[in-house]
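Residue numbers (this note's numbering): 945 to 1341.
In structure tokens form, the structure reads like this:
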């Protein structure tokens, strides 16, 4: 039934294009063909598949880019990539690049366009590509770049509306804008500092907001209470329990958790290990058993039901669980992701030297140092104590 429907939509009278065959076979093999038929019956899906079937050109990302944009096309593209009919592509990064180019094209003043090009392309987008290094762009990374660029555009628009150039902007103009009209003051300040550093503006200051330590209470007792419940109470789904424990015990950020793959679990010994930083950590009992259960029982929630490499597969084919969904599932367990992660970091920083903490948990060393200082951990004294310990002589061979 599914095969017949696909032939009807994708066929050109001589069959289905060869590159679409993996997609066809995956849909024919789904456990719930009724779900596939419901999806294929949607008007927008029918229109897109018919357009692909009638187009004589090979099915490529470029071909899909010419079809009507929207969530239906995004989902179809993800299905084609997950089933092997299209090569992998970070669509979020592609969309961000397209959005950035549109922002630049909207600047009619050539000098403004040159300044914004340097800030958006050479500063933010170049740094972003270096940071992701082939990994999928996260929602937070995407929004961070968009917000910075929007802040710069808003400031340039405000200056242009008053007939002023960035190069002639005064400190009083910056202060007035930051105090009364800036939607993103901290991002605007970043743009001002960048503009001064690159000589697009002169004699301006916009101090950065420095992190001064954690705010709010740190409820260590409640953290351990929830952790014990997740370790021993099997009422919650295994995936949710593992995600919650990685946050509570190892201070992992939601985005770091959702991007974990089976390759992060080392199972070549009696004690399974997890790689969160650059040093594997032995998983204690019973967390090791929960992780093993997760690997064997994880299932995709997309139409083709393929978990792929992800420990926490999501509803979008070939992609992990979204950060929004993971946060909702953690909150249902009684976890406040931001506060409980801060509590875990606060506690670990008081017990472990910053350098070791950074290597083990995969966080930046300076972040580890800041948390160590906030928690009152004095690892200078620790280092001095280690240096003063007597050296044990090795027995002669």
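Just so it is clear, CB atoms sit at the ideal spot from N, CA and C, and this is done for glycine as well.
Between which two residues does the alpha helix (DSSP H) harbouring residue i extend?
i            : result
residue 1309 : 1309-1319
residue 1305 : 1298-1305
residue 948  : 946-954
residue 1003 : Note, residue 1003: premise wrong, no alpha helix (DSSP H); not H, not E.
residue 1025 : 1015-1027
residue 1011 : Taken as a continuous stretch (DSSP letters only), residue 1011 belongs to no alpha helix (DSSP H), as it is neither H nor E.
residue 1088 : 1083-1105
residue 1049 : 1035-1049
residue 1149 : Unbroken run through residue 1149: none, as it is neither H nor E.
residue 1124 : 1115-1124
residue 971  : 965-972
residue 983  : 977-984
residue 1283 : 1281-1295
residue 1072 : 1070-1076
residue 1056 : 1054-1061
residue 1278 : Looking at the DSSP string, residue 1278 is not in any alpha helix (DSSP H), and its letter there is neither H nor E.
residue 990  : 987-998
Which residue's Cα is closest to the Cα of residue i: the options?
i            : options                   : result
residue 960  : 987, 997 and 1234         : 997
residue 1040 : 1087, 1017 and 1015       : 1087
residue 1014 : 1032, 993, 1033 and 988   : 988
residue 970  : 985, 1209, 992 and 947    : 947
residue 1122 : 1300, 1143, 1096 and 1111 : 1096
residue 1205 : 1235, 1194, 1223 and 1180 : 1235
residue 1032 : 1050, 1006 and 1052       : 1006
residue 1036 : 1080, 1311 and 990        : 1080
residue 1315 : 1294, 1300 and 1230       : 1294
residue 1100 : 1085, 1130, 1317 and 1059 : 1059
residue 1137 : 1092, 1277 and 1226       : 1092
residue 1179 : 1276, 972 and 1146        : 1276
residue 1197 : 1286, 1129 and 1165       : 1286
residue 1111 : 1310, 1185 and 1055       : 1055
residue 1284 : 1046, 1183, 1239 and 1168 : 1168
residue 1214 : 980, 1131, 1232 and 1147  : 1232
residue 980  : 965, 991, 1000 and 945    : 945
residue 933  : 1292, 1106 and 1049       : For residue 933 there is no data in the structure shown, the boundaries of the chain being 945 and 1341.
residue 1308 : 1253, 974, 1279 and 1195  : 1195
residue 965  : 1025, 1184, 1050 and 982  : 1025
Considering only their Cβ atoms, is the gap separating residue j from residue i smaller than 7 Å?
i            : j            : result
residue 967  : residue 1004 : no
residue 1208 : residue 1219 : yes
residue 1021 : residue 1008 : yes
residue 1267 : residue 1290 : no
residue 984  : residue 954  : no
residue 1261 : residue 1248 : yes
residue 931  : residue 1083 : Any question about residue 931 goes unanswered here, given that the chain covers just 945 to 1341.
residue 1224 : residue 1203 : no
residue 1312 : residue 1302 : yes
residue 1281 : residue 1271 : yes
residue 1237 : residue 1153 : no
residue 1175 : residue 1230 : yes
residue 1139 : residue 1133 : no
residue 1148 : residue 1098 : no
Spell out the partners DSSP gives residue i in its beta bridges.
i            : result
residue 1129 : Paired residue(s): none; residue 1129 is not in a bridge.
residue 1257 : 1264
**Request:** Go through the segment 1173-1255 residue by residue and report every complete run of the alpha helix (DSSP H) that reaches 4 residues or more, in order.
**Result:** 1182-1194, 1198-1202 and 1231-1241
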